[in-house]
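Here the protein sequences line up with chains R, X, L, D, H, B, F and C, keeping their order.
Heads up, this note's numbering is the position in the first sequence plus 222, with the first residue counted as 1.
Heads up, this note's numbering is the position in the second sequence plus 222, with the first residue counted as 1.
Heads up, this note's numbering is the position in the third sequence plus 222, with the first residue counted as 1.
Heads up, this note's numbering is the position in the fourth sequence plus 222, with the first residue counted as 1.
Heads up, this note's numbering is the position in the fifth sequence plus 222, with the first residue counted as 1.
Heads up, this note's numbering is the position in the sixth sequence plus 222, with the first residue counted as 1.
Heads up, this note's numbering is the position in the seventh sequence plus 222, with the first residue counted as 1.
Heads up, this note's numbering is the position in the eighth sequence plus 222, with the first residue counted as 1.
No residue lacks a Cβ here, since even glycine has one placed at the ideal position from N, Cα and C.
None of these values were measured; they are calculated from a predicted model.
For reference, the structure discussed in these notes is given below.
8 protein chains.
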Amino acid sequence: MDQTTVRQLLDDVRENRVSPESAADRLRTLPFEDIGFAKLDHHRRLRLGLPEVIYAAGKTPAETAEIFARMVAHGGNVLATRASEEHAAAVRERVPGAEFHARGRTICLIQDSTERGKGEIAVLCAGTSDLGPAEEAVVTARVMGNRVRLSADVGVAGLHRLLAQKELLATARVFIVCAGMEGALPSVVAGLVAAPVIAVPTSVGYGASFEGVTALLAMMNSCAPNVTVVNIDNGFGAAYVASMINRL
Amino acid sequence: MDQTTVRQLLDDVRENRVSPESAADRLRTLPFEDIGFAKLDHHRRLRLGLPEVIYAAGKTPAETAEIFARMVAHGGNVLATRASEEHAAAVRERVPGAEFHARGRTICLIQDSTERGKGEIAVLCAGTSDLGPAEEAVVTARVMGNRVRLSADVGVAGLHRLLAQKELLATARVFIVCAGMEGALPSVVAGLVAAPVIAVPTSVGYGASFEGVTALLAMMNSCAPNVTVVNIDNGFGAAYVASMINRL
Amino acid sequence: MDQTTVRQLLDDVRENRVSPESAADRLRTLPFEDIGFAKLDHHRRLRLGLPEVIYAAGKTPAETAEIFARMVAHGGNVLATRASEEHAAAVRERVPGAEFHARGRTICLIQDSTERGKGEIAVLCAGTSDLGPAEEAVVTARVMGNRVRLSADVGVAGLHRLLAQKELLATARVFIVCAGMEGALPSVVAGLVAAPVIAVPTSVGYGASFEGVTALLAMMNSCAPNVTVVNIDNGFGAAYVASMINRL
Amino acid sequence: MDQTTVRQLLDDVRENRVSPESAADRLRTLPFEDIGFAKLDHHRRLRLGLPEVIYAAGKTPAETAEIFARMVAHGGNVLATRASEEHAAAVRERVPGAEFHARGRTICLIQDSTERGKGEIAVLCAGTSDLGPAEEAVVTARVMGNRVRLSADVGVAGLHRLLAQKELLATARVFIVCAGMEGALPSVVAGLVAAPVIAVPTSVGYGASFEGVTALLAMMNSCAPNVTVVNIDNGFGAAYVASMINRL
Amino acid sequence: MDQTTVRQLLDDVRENRVSPESAADRLRTLPFEDIGFAKLDHHRRLRLGLPEVIYAAGKTPAETAEIFARMVAHGGNVLATRASEEHAAAVRERVPGAEFHARGRTICLIQDSTERGKGEIAVLCAGTSDLGPAEEAVVTARVMGNRVRLSADVGVAGLHRLLAQKELLATARVFIVCAGMEGALPSVVAGLVAAPVIAVPTSVGYGASFEGVTALLAMMNSCAPNVTVVNIDNGFGAAYVASMINRL
Amino acid sequence: MDQTTVRQLLDDVRENRVSPESAADRLRTLPFEDIGFAKLDHHRRLRLGLPEVIYAAGKTPAETAEIFARMVAHGGNVLATRASEEHAAAVRERVPGAEFHARGRTICLIQDSTERGKGEIAVLCAGTSDLGPAEEAVVTARVMGNRVRLSADVGVAGLHRLLAQKELLATARVFIVCAGMEGALPSVVAGLVAAPVIAVPTSVGYGASFEGVTALLAMMNSCAPNVTVVNIDNGFGAAYVASMINRL
Amino acid sequence: MDQTTVRQLLDDVRENRVSPESAADRLRTLPFEDIGFAKLDHHRRLRLGLPEVIYAAGKTPAETAEIFARMVAHGGNVLATRASEEHAAAVRERVPGAEFHARGRTICLIQDSTERGKGEIAVLCAGTSDLGPAEEAVVTARVMGNRVRLSADVGVAGLHRLLAQKELLATARVFIVCAGMEGALPSVVAGLVAAPVIAVPTSVGYGASFEGVTALLAMMNSCAPNVTVVNIDNGFGAAYVASMINRL
Amino acid sequence: MDQTTVRQLLDDVRENRVSPESAADRLRTLPFEDIGFAKLDHHRRLRLGLPEVIYAAGKTPAETAEIFARMVAHGGNVLATRASEEHAAAVRERVPGAEFHARGRTICLIQDSTERGKGEIAVLCAGTSDLGPAEEAVVTARVMGNRVRLSADVGVAGLHRLLAQKELLATARVFIVCAGMEGALPSVVAGLVAAPVIAVPTSVGYGASFEGVTALLAMMNSCAPNVTVVNIDNGFGAAYVASMINRL
């Protein structure tokens, strides 16, 4: 994957600095750190240019703190998502400067505040109940080095609230739009802007909202062509892609 | 219905041969006309104040024509829905004045053009592909004695087209809103009007639209409280209820 | 949306009382009150003629109480739905006169008891387990200024109980029918009345009732044409639409 | 399975009339006739006391005719279900007396018209479109030796049509109730009778009827306890069970 | 039911104060006892010949005890299903003789032990985890006056256990077969017996068993024609129908 | 939406060049062309900077040709998707230069070949059966002014085929990845690249592929964070968003 | 993947027989043949030890014939699945010796009849309608070098037919069991044998069989632990895995 | 099932050592031990050559301990799956040597450590969250007498981690691959190995992962032909089949 490294390796073989056997091994094994219950992919940061992120939900507080601390030691910003207060407490014991954002359930440490995005990312959400995924998106985008603006409670049943965000609609470079229930907001926003819209269905609603499935399906069927969709409540993923786009 | 029977019954009441109470009971347990493959409920028109309607889809052209003709003979307007060209041809052989509306798949004969609705019914549809159910609604509402106005191609990804219908939005007494794909239009319309909105999911779309199921689910989860929903492509049912409301 | 206001604004521009820039701004921004975690739409009451309602489920007791109190200050009736005892306690500390209805999970304050509906709204429910959504509908309809009558436990497997409600069936202007399990009651009621029936599927049942989905689907497929449907357990929405209809 | 046969066999072994080896073989192999593409279970008629039935849908006309003819040769009544006109033509070439009932798609030959049921089986259907499965049930029940009465077009949205069948409701020994759309008829019938009700969901409807799935689910959730359910459009199965019950 | 009213009505007929016809009508539109939160249908016992049953799941212990006690006062056997220990405690305070069966979650009082069924009902279940619905069926059938035999842990992956029940398979008059997971047992049993099989899907399993939905679907598709199906875990309904059949 | 136009309009009002009434009207009506069965939004090209596209599936060949021709007259590139041979024939009669690409079902006319994208868009597909949506994406991206490279038949069960595309993986600016069946390719590609991946589930497969639903769900759950998803077979939408990104 | 080749290549680099650049290239590109619309993986035969197979369903007859002919040229047995008569005709024009099996929809050419499996593979199917996938499995297994025995029409509702296959049940090394409808046969077979059972759900059935989904779900939930499952109608996949197992 | 036993029995009958009646009985009843709430099938170990396993989830700790102890007494290895800490405590009181593996929720006692498998079983899992089912598979395979190797955290979004397991991929005889989310790992592994792959979908994920259903569906649609699938989180079943295969 790193053409230079591969050629260097092959030059080393030709020059007898490396045996063919060990070269064959190294060609197969990119660097990662095996800590027993997980394989930390520090190389990922180099390879993809974006920090590895800890998905805390399936891990114990102790495991999360261990991984978090090792990542901090490798430099760069570190982010844990789907974290509980218990995860946060464990992490902050190891890394006192880490911040916990309860609504979006994220823990982060910003060691590098370079702005990498070329414009602003707008995060809109339909109702106050959608703020969880929206804030996960906001924190993620900030950790990835972007300017972000959040506009909440701009659902389609009161269009004037959305239309009042005209300046934001006109200037942001990428849009992340979170909505539960009927999931209509991304279509409406996408019709008003000339930029990619990443739709985040949220699990907000009851009955036939099926914990976000209805919103997801609605967004997949958007009549606006500039909409793509991520998983339910996946504010992180939306912000990750938005960051990649905003760096272009 | 047997007009003679009803008169006889009322005579009996006048002559004290039947008590008013038992007459009231008998009026409830109602006569209908059995023609072998169906039981025609001519009384329904009196009981519900609205014409019985023929659902042609499961019937042969001959059966449809037979029922249509018998209903015509009982007076009032007659409507057949989900009709094919073959149904229409068979009906028009028996009832030459009957009209066939191909896009909405309706056959109708208007024998009584009294306007019964007190205001106007608005029918809006998101795209040109939604015109089928929309026109079924328009014809049904007309047969039921309403003034109707249709506004097509006002989907949410181009809000200005919808906002341009301001006068219609401000004046109609009931709204029928047809949309497929993400089914967002009823929510947006409902936020703009102070009247009941009847949402008709349409089978327009592909892939994860699931032949209208996504639109149906989205509409069930509308964040606007003045929305109720009927079955997929059920323009007829929407107009039937709208007519009832418009007579109030 | 308020034609007079728009014209006045444009007159003001012509007369130089308002600059074009600020007029452009005002045209975009209808009045709402931003309290940080939500945008209160007091204008809605004027615009739609019906009170804004607080959906308490996703909000903390403190947030709910804050919004409730602000709405009380703007006058008119105030309603919170999906409220817990904790929500109620917090609201009543701020607004001592507010009532909590536990079964239907509503908090309300009636400051204006004008009767606005022109007739009576009937609320029927199939079993005693359906009383939750039914009572949500009853309270909502009352807050909206309607006379309401509730008839419980009239499910279709014991038709005589339903037929005994003959007077109510004959006189109400709009019907709200709540049923779980097979969701058959709205179809039967709709066949007996000449008025709109709003069907509320409830999450009552087990196994293949799928928390109300079976009832919802059954109601969408009603063989009676005067039935429209709202989301599972959405007694509030049903009453909201019924109120709009009852004012016509 | 035939205790007598087993004992006879073992007696034969004790008496050395049969070797243990061949007895072991015979114990494993109950009589059926292998005709290459199918194993005809003539034993079934004896074992269950009811004729084997040919499910024609997956078979060629020639195969169907072959099996039909072989069954005729074994005596008793023969029935083929899900048969097309092509199947019927092929069968009647081999068995000229066989009758084809197009609406219910059955081919039958009644060689034994003994009445075996002790009472009458009632078959009710909600609309004229449900007549297909209803007639499959009627023919099946007749082939099985029952008196059957069919009452069509008695759907729940016009209760008076159903209540007019009072005599049938009071006297039949088992009920088969076919309905599509919301599938409510079995619940209503079951509340009016003191007998088992076998519900047959039909694929009648459109949109969210999902080809009978909604009716099936509704019937599974019947609030009446005397309802059991068979597969969509399975008039045959309903009549088969009804026949077994009617023989008790 | 109001015994006095019935007698009065019959007196009126004898004295020619009421015609037999209208008396017959009034007997159909039936009295019930309204206790506020429910309408007790004591007449049901006469009408259907089977006791009314309390579905405790949606009721408080106090409500359950109240209804249970009133039913006891009317005589006959009384049954409450889906009851918790709390329900049982409340009932037994009012009706000390009531029995609670924890596994099947039933409370019952047998005041009338007449055997009404003409044969034996067999209840089979696939695994020990299916014993809950199976025992609900056993208790229900006993309350309804039947002899019942239960055979547990006879799942299809160890056929010899099932085949060992040969005597039961040969003699029972109706079969109730409970199975979760792949729900195959009813098909296998039905192939071995010449009697109606009522299949009860259970919520036993994990993953793609979908809390009994897979078993339900499998049973609906049984290749044996003598199978009908009730809702998931509905041992009560199965026994109710089996009782009706066993009385024939 | 065009701030300059709005201010100009208001200036005109102040200067009495435009009456307030007509200004109010114009503020509501952005330019679109109403041709009866559709409202052509030529303004869209200006507003979003991308051509309006004709979704031919629900339109007749004549309607499609009419709209296509009008769009050609307004300049810029024109694209019709989901087009049949009949659509193509009708269009080419009006616009002889239009090209039809049968596999991707697109008709296009390129009047402006300016390259607008800043890099290359890669389109990968898992199997040869996925070529339909892939080619729809390729044509769309070209019409929108991008360089595009297609690499087919690189499914995950033969990883070496994918890894052989190393140069493309390293250089493209945006990736469109089409896959049916298990839909795994986008995850694998996303792990190998440092760019946004737009996943297009295709309807390729059978049985439990559910016409693309399985692939869609798999893609929504990608363990790679740089994946967003569009509707099944929606190569057009993927390319539309990719074009927007590639212009940044 | 071929360690020897990799080492040889690296030795070549050390010995200057190959330049590092071209070695880097070769390391990425395993041999496959690009014929435009597909990448033929002749290497696969070597790598996995089993023939590549052509999935004809999404390919034209000409494409299928082209690929088939090229594969024949590389030696070994060749198989095309999901083939129509048209595919077969096109192939046989190029490869006259190819056989077409219509029921299982396979085209094959056996150039190498070495028996590679160590035992016998048993293929059982529940009904005659399941013969399609069963024969696909039989042909596939033969092409892969196995002895195969097929036993049809041994469904669970007539257990004696299955038990009569005792010798086959006792001796086969791997079992492939095809069933539609309730999909119970694999569980029953698995309880009778001490070998792996590969279950193939078939699309046989109607109504709630959902084209094989019910059978698939049932098989996933088998109470027998020696069952694994493949996709609906995937006789090919079952035989492929069975072949791998039979070679061990 | 044991031909020798059957012949012996029949010889005994011929020699009058056993009466025909008791032979008939014994032919029906294979040995199992009835302990009231369950029928222990000790014969199974002989019949299938593999230990019976206790599914603890639906059993009380006391029941589980009772069965476990009885099985220990019959010799061989004993395994309980889906066990909680409470189950483990109860078992270890009766069988102190039993081991509890918390992550995979298994209790086991190895009394016979004979290696019965002929090669190694590889267990791979996509993420650390999939370790539960993976460890259930590992313990099961060991109890069944296999060498097992586990490789965790080798998900497809970081292919280098998987490719680093080259030696394991090349040598294992059977593969068990556990993955949640998009479930892509089995396809990728299957493309790299020449051995059967048993895919275990896990309930890891959120939103549209539907607790493992998405992974299950994806695996059913694997484009690699050497994949079969077991139920969600069914590490036990996968290992059971893998053990059978590994003994061949």
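Excluding the five sequence neighbours on either side, which residues of its own chain have a C-beta within less than 7 Å of the C-beta of residue i, listed in chain order?
| i | result |
| --- | --- |
| residue 463 of chain R | 420 |
| residue 334 of chain C | 298, 299 |
| residue 409 of chain B | 444, 445, 446, 449 |
| residue 317 of chain H | 290, 291, 294, 331 |
| residue 440 of chain H | 404, 405, 406 |
| residue 240 of chain R | 231, 234 |
Residue i: buried (16+ other C-beta within 10 angstroms of its C-beta) or exposed?
| i | result |
| --- | --- |
| residue 465 of chain C | buried |
| residue 281 of chain R | buried |
| residue 238 of chain B | exposed |
Using a Cβ cut-off of 9 Å, pull out every chain B residue sitting near residue i, in sequence order please.
| i | result |
| --- | --- |
| residue 381 of chain C | 381, 385, 410, 413, 414 |
Quick one: which chain F residues come within Cβ less than 9 Å of residue i?
| i | result |
| --- | --- |
| residue 431 of chain H | 439, 442, 443 |
What does residue i touch in chain X if you count any residue whose Cβ is under 8 Å from its own?
| i | result |
| --- | --- |
| residue 450 of chain L | 420, 450, 451, 452, 459, 460, 463 |
Could you tell me which chain B residues have their CB closer than 7 Å to the CB of residue i, listed as they occur along the chain?
| i | result |
| --- | --- |
| residue 399 of chain C | Per Cβ cutoff of 7 Å: no residues; residue 399 of chain C is ~12 Å from chain B at best. |
Name the chain C residues that come within less than 7 Å of residue i, Cβ to Cβ?
| i | result |
| --- | --- |
| residue 426 of chain H | 280 |
Listing by chain order, which chain C residues have their CB less than 8 Å from the CB of residue i?
| i | result |
| --- | --- |
| residue 417 of chain F | 466 |
Can you round the beta-carbon distance between residue i and residue j to whole angstroms, since I take them to be within the 8 Å contact cut?
| i | j | result |
| --- | --- | --- |
| residue 397 of chain R | residue 346 of chain R | 7 Å |
| residue 424 of chain D | residue 454 of chain D | 7 Å |
| residue 394 of chain F | residue 357 of chain F | Their Cβ separation, rounded to whole angstroms, is 17 Å, which puts residue 394 of chain F and residue 357 of chain F out of contact at 8 Å. |
Which residues in the same chain have their Cβ closer than 6 Å to the Cβ of residue i, if we skip the five residues on either side of it in sequence?
| i | result |
| --- | --- |
| residue 391 of chain L | 414, 415 |
Could you list which residues in chain H have their beta carbon closer than 9 Å to that of residue i, in chain order?
| i | result |
| --- | --- |
| residue 455 of chain C | 428, 429 |
Chain D partners of residue i, CB-CB under 7 Å?
| i | result |
| --- | --- |
| residue 434 of chain X | 429 |
Whose Cβ in chain R lies nearer than 7 Å to the Cβ of residue i?
| i | result |
| --- | --- |
| residue 182 of chain B | This structure leaves residue 182 of chain B out entirely; chain B is present only between 223 and 470. |
| residue 376 of chain X | Residues of chain R passing the Cβ test: none, with the nearest at roughly 11 Å. |
Leaving out five residues on either side along the sequence, give the residues of the same chain with a beta carbon under 8 Å from the beta carbon of residue i.
| i | result |
| --- | --- |
| residue 366 of chain X | 272, 273, 299, 338, 339, 461, 462, 465 |
| residue 225 of chain D | With a pLDDT of 47 at residue 225 of chain D, under the threshold of 50, the modelled position of this residue cannot be trusted, and the question is left open. |
Note down, in chain order, all residues in the stretch 337-355 of chain B with a beta-carbon under 8 Å from any beta-carbon belonging to chain F. For the stretch 337-355 of chain B, which is checked against every Cβ of chain F, the residues closer than 8 Å are 349, 350, 351, 353.
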